[in-house]
Structure formats: C-alpha cells, structure tokens
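Residue numbers (the working numbering): 144 to 245. Reviewing the structure listed below.
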Amino acid sequence: MTKRFSALAVSVAVVGGLFLTSMPAHAATSADRGEVSVKASVTCDTSRLREQIANLKTKAAKLKQLGETAAARKALSDAAALQKRLDACIKADDDASKPFPG
C-alpha cells in the first residue's frame, strides 16, 4: 500500500514538474501567435536630463545663498537622482550598441 502511494506521489511530482516547466514556453508562443521580441527600445533625452541637472544645481546654489539649506539639499538630491538615471541611460545605450555586452 505504501509503495503505491509513493509511486503515485513520484509520478504526480514528475508530471507536475513537466507541466510547470513546459507551461511558460507554451504560454508565450500561444498568447502572441507571433514572434517574441527580446530587444527593448529605451530612448533617453540626454540633453534634457543634463539641462534639468544643471537647473537643479543652480537652484540649490541660490537656495543655499538664501539660507534655505533643507531645500538646497533636496534640490541637490534630486539632481543626483537625475544624474544616476542619466548614467544608467548612457550605459544602457552603450551596452545595446554592442552585439555581446560584457
């Protein structure tokens, strides 16, 4: 009796594993009925981002002169976040132009 239950459990596990591993590939092709594109097109307006960064830095300098240090820190942190996003966009553009990044 225990041999039947263990054999049944093993067969259910094998069928379940087969079902789970084959389902994502099956779902991707049947849902679209076309070719699946892996390449993503990400465009960054680097000049606009650089302009926003420069504007935030000048705003922070003016706020610091006026004694608004908290607002100046906020503007500088916003500029740093935009700089980080700009660097990520530039890196993504550089990696996308290579056939095999690495």
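Beta carbons: idealized from backbone N, C-alpha and C, even for Gly. The model shown is predicted, which means the values in this text are computed figures rather than measured ones.
Alpha carbon to alpha carbon, how far is residue i from residue j?
| i | j | result |
| --- | --- | --- |
| residue 213 | residue 238 | 37 Å |
| residue 197 | residue 235 | 22 Å |
| residue 206 | residue 221 | 14 Å |
| residue 187 | residue 232 | 6 Å |
| residue 229 | residue 195 | 11 Å |
| residue 152 | residue 224 | 53 Å |
| residue 218 | residue 189 | 19 Å |
| residue 191 | residue 154 | 60 Å |
| residue 203 | residue 211 | 9 Å |
| residue 201 | residue 227 | 18 Å |
| residue 193 | residue 208 | 23 Å |
With DSSP collapsed to three states, give me the class of residue i.
| i | result |
| --- | --- |
| residue 237 | helix |
| residue 209 | coil |
What's the call for residue i, buried or exposed, on a 16-neighbour Cβ count within 10 Å?
| i | result |
| --- | --- |
| residue 150 | exposed |
| residue 199 | buried |
| residue 215 | buried |
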